[in-house]
Structure formats: structure tokens, C-alpha cells
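Engineer: Mind having a look at this structure? Questions to follow.
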Amino acid sequence: MREHEILMLLALAEAEVALAQGEFPVGCVLVHQGAVIASGKRVHSSGKVNEMDHAEMLALRSFLDAEPGVAPQEVTVYATMEPCLMCFSTLILNGIRKIVYAYEDVMGGGTNLPLTMLNPLYAAMEIKVVPAVLRRESLALFQQFFSNPDNLYWKGSLLASYTLEQK
1 MREHEILMLL ALAEAEVALA QGEFPVGCVL VHQGAVIASG KRVHSSGKVN EMDHAEMLAL
61 RSFLDAEPGV APQEVTVYAT MEPCLMCFST LILNGIRKIV YAYEDVMGGG TNLPLTMLNP
121 LYAAMEIKVV PAVLRRESLA LFQQFFSNPD NLYWKGSLLA SYTLEQK
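Numbering follows the numbering used here, in which position 66 of the sequence shown is assigned residue number 66; successive positions increment by one, without gaps.
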């Protein structure tokens, strides 16, 4: 098994925990030199949906709070779903330059943002994105989520219909 796949399995484990708690199955791990240095998953302990507490944001906050002495440019993000525009821009503004994801977010994915067409701060950034690592495994989690009538998050959305149509 390739390194990306091994590390994506760790993000998938985070997503499985979220799914088991009835949450949207996004898991994320931040990796430095093959070791996980931070992780996150969508879990709303208050029962309220909070669109700021995405898995990537929680993992990044954990990394920054820990002050591990690791340069963000040396960190790779592994996420079970393509980071949304908010997460993508927050990651890159904090120095992350490599993002690996499993399942594409056809509704809100941000990794196709044309940075070179933006203002100088973004235009100069060189970001490496690796899509579709263990896509099938991640897709299965999202299909399980959207198939459950009790899960109302993004129910009836483009993402939900696209996900349920995938084979």
C-alpha cells in the first residue's frame, strides 16, 4: 500500500468515528514526516451545526495550539473529503502547501480555486493537491450518511444526490 493510502486510512478512521456519532463523515489528519501531528473530525457536541468547525479547521487549530515546532510547509493534510473553500483558504493562509483528499466535494470543494487569478498573496502560492486517494472507501461513508433518513445535513443537496448516484 502506498504512503498516501496508509495515511488516508487514518483520516478515514476519524470519519468513521464521526459517522458513528451521526455526524458528517469528514476526517482529517495533519502529517509531518510520516507521523500524525494533529487530527480532526466533525463532531457537534452541542447538537448544533457549526459551519466553522470542519474537520480541517479543528485539525489545523490543534496543530497551531500544540506549537510542535514544525513548519506548516512541511505538513501534508489528508482529508476524507475535498476541503471546502473556507478550509482550503485557511489551510494555505496558514502555510500548508500539500493537500491529499479522498472524495470530491462537487458542491463546495475549494481546491480548484484559480489562485493565479487572485491577488498577489494567493497568486504566488504553489499548492500541491492530490485527489481521489481511497475515494471508494470515503464515498461509502458518505453514501451511508446520506442514505440514513435521520441525517438531515445537506439532505436534498447537489452533494447528496451526486453521492447517492455514484457506483
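Idealized CB from N, CA, C, for every residue including glycine.
Closest to leucine 158 by CA distance: which of Pro72, Gly109, Met57 and Met86 is it?
Structural biologist: Gly109
Engineer: Give me the Cβ distance between phenylalanine 172 and leucine 64, rounded to the nearest whole Å; I'm assuming they're in contact under 8 Å.
Structural biologist: This structure gives no information on residue 172, because the portion of the chain shown stretches from 1 to 167.
Engineer: At the level of alpha carbons, what is the spacing between valine 77 and tyrosine 162?
Structural biologist: 25 Å
Engineer: Could you pull the DSSP bridge partners for leucine 30 from this structure?
Structural biologist: Ala38 and Val77
Engineer: Please classify threonine 116 as buried or exposed, where buried requires at least 16 neighbouring CB atoms within 10 angstroms.
Structural biologist: exposed
Engineer: Find out if the Cβ-Cβ distance for the pair leucine 168, alanine 160 is shorter than 8 Å.
Structural biologist: Since the first residue shown for the chain is 1 and the last is 167, residue 168 is missing from the structure and cannot be characterised.
Engineer: Just confirm the distance between the C-beta atoms of leucine 60 and leucine 91, as a whole number of angstroms; I'd bet it's less than 8 Å.
Structural biologist: 6 Å
Engineer: Note down, in chain order, each residue of its chain lying with its Cβ closer than 7 Å to the Cβ of phenylalanine 142, except the 5 sequence neighbours on either side.
Structural biologist: Pro25, Tyr103 and Thr163
Engineer: Tell me, to the nearest whole angstrom, how far the beta carbon of glutamate 16 is from that of glycine 40; I am working on the premise that it is less than 8 Å.
Structural biologist: Between glycine 40 and glutamate 16 the Cβ distance is about 14 Å, and since that is not below 8 Å, they are no contact.
Engineer: From the DSSP output, in three-state form, read off isoleucine 99 for me.
Structural biologist: strand
Engineer: At what residue ranges does the region 104-155 contain a whole run of the beta strand (DSSP E), taking only runs of 3 or more?
Structural biologist: 128-130
Engineer: Which residues mark the beginning and the end of the alpha helix (DSSP H) in which valine 17 is found?
Structural biologist: 3-20
Engineer: Ordered along the chain, which non-local residues of its own chain (more than five positions away) have a Cβ less than 7 Å from that of glutamine 144?
Structural biologist: Leu19
Engineer: Using DSSP bridges, identify the partner residues of cysteine 84.
Structural biologist: Gly109
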